[in-house]
Each structure stands twice: as C-alpha cells, then as structure tokens.
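Chemist:
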Amino acid sequence: MSLIKLVIESITVKRFTKCFLQTALILNFALGEVLAKGSDDSEEKYSYNYNQFNVKCTVYDPYEKLNRKIFAFNSVVDTFLLRPVAKIYGRFTNDYTKNRVGSFVDNISEPLSTVNYSLQGNPEGILKSFWRFAINSTFGIAGMFDVASKFGLKPPQQTLGSTLAHYGTGPGPYIVLPFYGGINARDASDPIISDILLNPLTYSLDKKFMLTVTGVSIVDMRYKLMPLTDYVSKNSSDPYIAVREAIFNQREAKIVYPTGYKCQTFK
Amino acid sequence: MKVINRILLCIYVLVFNPLAYADEEAEKLKVYVNNLITDGYNIVNDASLPADEKVKRSSTLIRANLHLDWMAKYTLGRHKKSISAAKIKEFTEVYSRFIVQAYADLSKNYSDVKAVVKKVNKVDDNVFLVSMEIFKKDSDSPVAVDYLVHKLVNAKQNPYKVGDIITEGVSILNSQQTEFDNIISNNGIDALISNLKEKLSKNN
Numbered sequence: 002m003s004l005i006k007l008v009i010e011s012i013t014v015k016r017f018t019k020c021f022l023q024t025a026l027i028l029n030f031a032l033g034e035v036l037a038k039g040s041d042d043s044e045e046k047y048s049y050n051y052n053q054f055n056v057k058c059t060v061y062d063p064y065e066k067l068n069r070k071i072f073a074f075n076s077v078v079d080t081f082l083l084r085p086v087a088k089i090y091g092r093f094t095n096d097y098t099k100n101r102v103g104s105f106v107d108n109i110s111e112p113l114s115t116v117n118y119s120l121q122g123n124p125e126g127i128l129k130s131f132w133r134f135a136i137n138s139t140f141g142i143a144g145m146f147d148v149a150s151k152f153g154l155k156p157p158q159q160t161l162g163s164t165l166a167h168y169g170t171g172p173g174p175y176i177v178l179p180f181y182g183g184i185n186a187r188d189a190s191d192p193i194i195s196d197i198l199l200n201p202l203t204y205s206l207d208k209k210f211m212l213t214v215t216g217v218s219i220v221d222m223r224y225k226l227m228p229l230t231d232y233v234s235k236n237s238s239d240p241y242i243a244v245r246e247a248i249f250n251q252r253e254a255k256i257v258y259p260t261g262y263k264c265q266t267f268k
Numbered sequence: 388m389k390v391i392n393r394i395l396l397c398i399y400v401l402v403f404n405p406l407a408y409a410d411e412e413a414e415k416l417k418v419y420v421n422n423l424i425t426d427g428y429n430i431v432n433d434a435s436l437p438a439d440e441k442v443k444r445s446s447t448l449i450r451a452n453l454h455l456d457w458m459a460k461y462t463l464g465r466h467k468k469s470i471s472a473a474k475i476k477e478f479t480e481v482y483s484r485f486i487v488q489a490y491a492d493l494s495k496n497y498s499d500v501k502a503v504v505k506k507v508n509k510v511d512d513n514v515f516l517v518s519m520e521i522f523k524k525d526s527d528s529p530v531a532v533d534y535l536v537h538k539l540v541n542a543k544q545n546p547y548k549v550g551d552i553i554t555e556g557v558s559i560l561n562s563q564q565t566e567f568d569n570i571i572s573n574n575g576i577d578a579l580i581s582n583l584k585e586k587l588s589k590n591n
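Next comes the structure, spelled out in structure tokens:
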C-alpha cells in the first residue's frame, strides 16, 4: 500500500507529460505504420462494388429473354440506320459545331429540370436550372454556349424518373424498348411521355422545330456513344450485358435517393 | 501553462499527424494520376510517332499501371473459388493481354483532352478512389471519371496500380464481372478463355 502511495507521490506533472508525450509519439508512429502498411494485398480487401459503395441499386432483369430479342432487333436498326447517320454527322461537322449542337440540345431540355425540381420541392434546384436556362438562352446565344456553368449554375438534369427516385422509387425491372433501347421501368415514361409533356417548351415552340431538335439530339447522342459502342462490339463477350450494365449504371450514378433508402434486392 | 501546452502538443501529435499522413497520401495519388494521364496524353498526341508505335507505348504504360492480376481475379467473381489455380493463371495471362489491347485501342479516342483531378476518397485500407473531370476540346461539359487505385505494400518502385476505371458511374470491372459470370455459368471457364483469345486474334 505504501509502495503505491510512494509511486503516486513520485509522479509529478512534468513526468506525467513526458510519459504522455512518449506514449503519444509511440502510438502515433504505430498508427502511421498501420496507415502506411494497412492490409496485405489479399483480394478480399480489394473486393468492392462501385454501385454499393455509392449507395446505388443493381440491375434486375427478369425479362432477359425477351429483352435480348428486342436488343438484337435494335442492333440491326442501329447498324443500318442510326450508326451510319451518326458517322456522317461526325465526319461532316467539326468538334466546335458538335459541341454547340450538344449545348443547344441540352438547353432545350433545361425547363424540364426546372419543372422536376419543383415537383421535388427543391428551391435551389429550381432557381439554378431556371437561371441556367435564362442565361444560356440569352448570353449563350440560344443555348449554343454554356455560359451559366462558368457561374456555377450546373444543377444535374432531372426527369420524372429522377423525381420518382427522389421520393424513394427504385429502378424496377430493366426493359428494352423497340427502337429506343434499354431503360429501367421507373424511367420508362421519360423519353416517350414525360420528357415531352413536362417540358414547357413543348407548348410554346413549333412542333416541327421540337421534332427536329429531338432528331438532332438522337443523332448527337449516338455520335457521342460511338467510342463506347465500338468498344463493346469489338471487345465484349456478351454485348447485351455490357450495354445493359452501361445504361443501368450510368443512370443510377445520376440518381439521388432519399436518405436511408435501401435498394430492393431480387433473386 | 507549460504543462497545458505540453498536453496540447501531445494531443496534436496523437490525433492530427495521421490526418496529415492521409493528406500527404492524397497528394501523392493526385501526382501519380496526373503523371499517368500526362504520359498517356503525350503518347497519343506525339505526331512524330507512327500509329503502331503509339499502340506499343500505350500498351507498355497500361501494363505497368493496371493491377492486372487483381482485375482478372475480380472479374471471375463467385466462380473464382471453384476454378483451379492453373486455370486462373491461364485466364489471368489471357485477360491481361486482352485488357491491355482493349485499353490501348480505346485511348486513341482521347487525344485533345484535359483531366482535372477533383478529389481523393479512401475506400478501404490502401484502396482509393481518385475522382476527376475530363474535358474534351471545345466542350463545356466534362466527363466524370474515377480511378480505383490500389497501394501495393510490397512494391519496389511505383506502389500504385489502377484497379478499375469508372466513367460516368459505369465501372468497367463490374460490367466485365457480370459478362463473365454469364459465360462461365453457361459454358464454363474454358469457353471464356477461348472467347478472349478469339477477340485478341481478331483485334490484332
């Protein structure tokens, strides 16, 4: 007992701090070593799923057999119609023109984002997309130049599918539509109905003009996808799966689910 | 006062120095990725090099910087456990040649690009996700590209290797894993190896 008392008495504040400093340095060194070395190279340590890491869903494809048939049909249409047109577009326009076309097409769909931000009750999104459209349509010469991005006005583009996801709707089954291509069930109405009906410009611009814009945007999009589709057709062992994964994951990357949302898993 | 100062110093050393280490690691990764992209850019844009030489140099750069062994094993996914070590070795060899050739071919599309590294996230011990934006010439809208980078503990020279490239949310590795899973489930590992060999000879 007296020994303990002696020890306690002998510990002065100076000794205590010295001891603490030494411990701290040793622990720090050890922590540094742990951080520096971390784990070994075992593959389990490196296993990861990019979608899960970003709290995104994985693909659910219950209609794969039918989807594959429609995919084969679409591939024929693409090979003989869309791809050659996109190639001609790429050959006869320079990068500058292509980028102006891309910006113009993006700008036309900006009011659709404003409407969807309103449906999501997102005032920041509403203001940003509204001003983006206003600035690009005026200072950006009808949207051909993206001036608004330089002011930080670049909210992610929204569709009805994004709004449904915002309220917790999962992607649902993956389906392939004739002539259009792959899409998940939640977003299926976007290209055909909601992108047109919810865009205020549909009601104010000439129908022929809007049709032309839609046509140009399809060709422009196809041209932009050329490196990916060429890569897939050259290197993929199963082009259907490669395209499905690319479409699904690219869409998921743009989706924001509500906090705490858990994706439904299917077997 | 002196005592308090010492205690504060101890706390600082204990708590903040590992964070400084993490920042240092992030900086090293940024430098590594920037150098890698610059090297690739220089090869693709070197007008004095013939096309074959560009592909050859790109392939060397890709081979040196991709974590090919890990990638090959990763793409086998759940089948890895049921495949013999010899077959995994054979697959790894063919896969490595296939992926180097595919990436070298793909890199031809990326002349006139500028990459800006935005942030580095730690995914796991010695695993990082380097996020960047790739700007094409005259384009206002960048493409979001992430590199999954592994830090190898026992590496003698360059400790970093790229394990996956994720473009606009599309992970090449995860897509390949799904593709390969389908082939192995239906036709076995040998079918996958011959499929890759066939593609290699066709693209050569």
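Protein sequences, first through last, are from chains R and Y.
Note that the working numbering has the first sequence beginning at 2, numbered continuously upward.
Note that the working numbering has the second sequence beginning at 388, numbered continuously upward.
A virtual CB, placed ideally from N, CA and C, is assigned to each residue, including glycine.
In this text the structure is predicted, and so the values were computed from the model without any measurement.
(1) Is the CB of A531 (chain Y) under 9 Å away from at least one CB in chain R?
(2) Cβ closer than 7 Å: which chain Y residues qualify as neighbours of Q251 (chain R)?
(3) Exposed or buried, what is R92 (chain R) when buried is set at 16 or more other beta-carbons lying within 10 Å of its beta-carbon?
(4) So, A491 (chain Y) versus S562 (chain Y), is the Cβ gap smaller than 9 Å?
(5) From the beta carbon of G103 (chain R), is the nearest beta carbon of chain Y less than 9 Å away?
(6) What are the partner residues of N185 (chain R), as DSSP defines its beta bridges?
(7) So if I threshold CB-CB distances at 8 Å, which residues from the segment 210-244 of chain R count as touching chain Y?
(8) In terms of residues, what are the limits of the alpha helix (DSSP H) holding I552 (chain Y)?
(9) Classify S237 (chain R): buried if its beta carbon has 16 or more other beta carbons within 10 angstroms, exposed otherwise.
(10) Does any CB atom of chain R fall closer than 9 Å to the CB of K586 (chain Y)?
(11) Quick check on K38 (chain R) - is its C-beta less than 9 Å from some C-beta in chain Y?
(12) Among Y:Q544, Y:K467, Y:N569 and Y:I553, which one has its Cα closest to the Cα of A531 (chain Y)?
(13) Checking contacts by CB at 9 Å: is K129 (chain R) closer than that to chain Y?
(14) Excluding the five sequence neighbours on either side, which residues of its own chain have a C-beta within less than 8 Å of the C-beta of A243 (chain R), listed in chain order?
(15) So, using beta-carbon positions, are L113 (chain R) and D196 (chain R) closer together than 9 Å?
(16) Quick one: using the 10 Å Cβ neighbour count with 16 as the cut-off for buried, is E566 (chain Y) buried or exposed?
(17) Nearest by alpha-carbon distance to E111 (chain R): which of R:E246, R:Q121, R:W132 and R:T215 is it?
(18) Quick one: give me the first and last residue of the alpha helix (DSSP H) that V148 (chain R) is part of.
(19) Let me see if you follow: with CB-CB separation under 9 Å, is I200 (chain R) close to chain Y or not?
(20) Looking at the unbroken alpha helix (DSSP H) that takes in D79 (chain R), where does it start and where does it end?
(21) Considering only the beta carbon of each residue, do V517 (chain Y) and D527 (chain Y) sit closer than 9 Å?
(22) Any beta carbon of chain R sitting closer than 9 Å to that of T479 (chain Y)?
(23) Could you tell me whether the Cβ of A473 (chain Y) comes closer than 9 Å to any Cβ of chain R?
(24) Using a beta-carbon distance cut-off of less than 7 Å, what residues from the segment 437-454 of chain Y approach chain B?
(25) Strictly under 9 Å for the Cβ-Cβ distance: is F72 (chain R) near chain Y by that measure?
(26) How would you list, in chain order, the residues of chain R whose beta-carbon sits under 7 Å from the beta-carbon of V413 (chain Y)?
(27) Which value, in whole angstroms, describes the spacing of the CA atoms of D221 (chain R) and V540 (chain Y)?
(28) Taking three-plus beta-carbon pairs below 8 Å as touching, is the segment 207-214 of chain R in contact with the segment 75-90 of chain R?
(29) How many Å lie between S607 (chain Y) and F180 (chain R) at the Cα?
(30) Per DSSP, what kind of secondary structure is H466 (chain Y) in: helix, strand or coil?
(31) Quick one: measure Cβ to Cβ for P201 (chain R) and V86 (chain R), integer angstroms, because I've assumed they're closer than 8 Å.
(32) Exposed or buried, which one is R596 (chain Y) when buried takes at least 16 other CB atoms within 10 Å?
(33) When burial is assigned at 16 or more other CB atoms within 10 Å of the CB, is G575 (chain Y) buried or exposed?
Modeler: Working from what's here:
(1) Under the 9 Å criterion on CB atoms, A531 (chain Y) is classed as interfacial with respect to chain R.
(2) Within 7 Å Cβ-Cβ: E555, G556 and V557.
(3) Around the Cβ of R92 (chain R), a 10 Å sphere holds fewer than 16 other Cβ atoms; the residue is exposed.
(4) Going by C-beta atoms, A491 (chain Y) is not nearer than 9 Å to S562 (chain Y).
(5) Answer yes: the Cβ-Cβ gap between G103 (chain R) and chain Y drops below 9 Å somewhere.
(6) The bridge partners DSSP lists for N185 (chain R) are R:Y175.
(7) Those residues of the segment 210-244 of chain R that come within reach of chain Y (Cβ to Cβ, closer than 8 Å) are P228, Y232, K235, N236, S237, S238, D239, I242 and A243.
(8) Where I552 (chain Y) is concerned, there is no enclosing alpha helix (DSSP H), although the beta strand (DSSP E) it sits in stretches over Y547 to T554.
(9) Looking at its Cβ environment, which holds 16 or more other Cβ atoms inside 10 Å, S237 (chain R) is buried.
(10) Interface residue (Cβ-Cβ distance to chain R less than 9 Å): K586 (chain Y) is classified as such.
(11) Confidence at K38 (chain R) is low in this model, with a pLDDT of 40, below 50, so its placement is unreliable and no value can be given for it.
(12) Out of Y:Q544, Y:K467, Y:N569 and Y:I553, Y:I553 has the C-alpha closest to the C-alpha of A531 (chain Y).
(13) No - not a single Cβ of chain Y is within 9 Å of the one on K129 (chain R).
(14) Same-chain partners within the cutoff: V233 and S237.
(15) Yes, these two residues count as a Cβ contact at 9 Å.
(16) Under a 10 Å Cβ-count criterion, E566 (chain Y) is classified as buried, with 16 or more other Cβ atoms of the shown protein chains found around its own Cβ.
(17) The shortest Cα separation from E111 (chain R) among R:E246, R:Q121, R:W132 and R:T215 belongs to R:W132.
(18) Per DSSP, V148 (chain R) is not a residue of any alpha helix (DSSP H), being assigned neither H nor E.
(19) Ile is not the amino acid found at residue 200 (chain R); the sequence shown has Asn there. Any Cβ of chain Y closer than 9 Å to the Cβ of N200 (chain R) would place that residue at the interface, and such an atom is absent.
(20) Counted as a single uninterrupted DSSP element, the stretch harbouring D79 (chain R) is not any alpha helix (DSSP H), since DSSP gives it neither H nor E.
(21) With respect to D527 (chain Y), V517 (chain Y) sits apart: the two C-beta atoms are not nearer than 9 Å.
(22) Taking Cβ atoms only, chain R never reaches closer than 9 Å to T479 (chain Y), which makes this a no.
(23) It does not: the Cβ of A473 (chain Y) has no partner Cβ on chain R nearer than 9 Å.
(24) Checking the listed chains, one finds no chain B in this structure; the protein chains it contains are R and Y.
(25) For F72 (chain R), no CB of chain Y lies under 9 Å from its own CB, so it is not counted at the interface with that chain.
(26) Checking the displayed sequence, the identity of residue 413 (chain Y) turns out to be Ala instead of Val. None at all; the shortest Cβ gap to chain R is about 12 Å.
(27) D221 (chain R) and V540 (chain Y): Cα-Cα distance of roughly 46 Å.
(28) Short answer: they don't touch.
(29) Because chain Y is modelled from 388 through 591, residue 607 (chain Y) falls outside the range shown and cannot be assessed.
(30) For H466 (chain Y), the three-state secondary structure derived from DSSP is helix.
(31) Taking a contact as a CB-CB distance under 8 Å, the pair P201 (chain R) and V86 (chain R) does not count as one, their CB atoms being some 29 Å apart.
(32) In the structure as shown, chain Y starts at 388 and stops at 591, and residue 596 (chain Y) therefore has no counterpart that could be examined.
(33) Around the C-beta of G575 (chain Y), fewer than 16 other C-beta atoms lie within 10 Å, and the residue is accordingly described as exposed.
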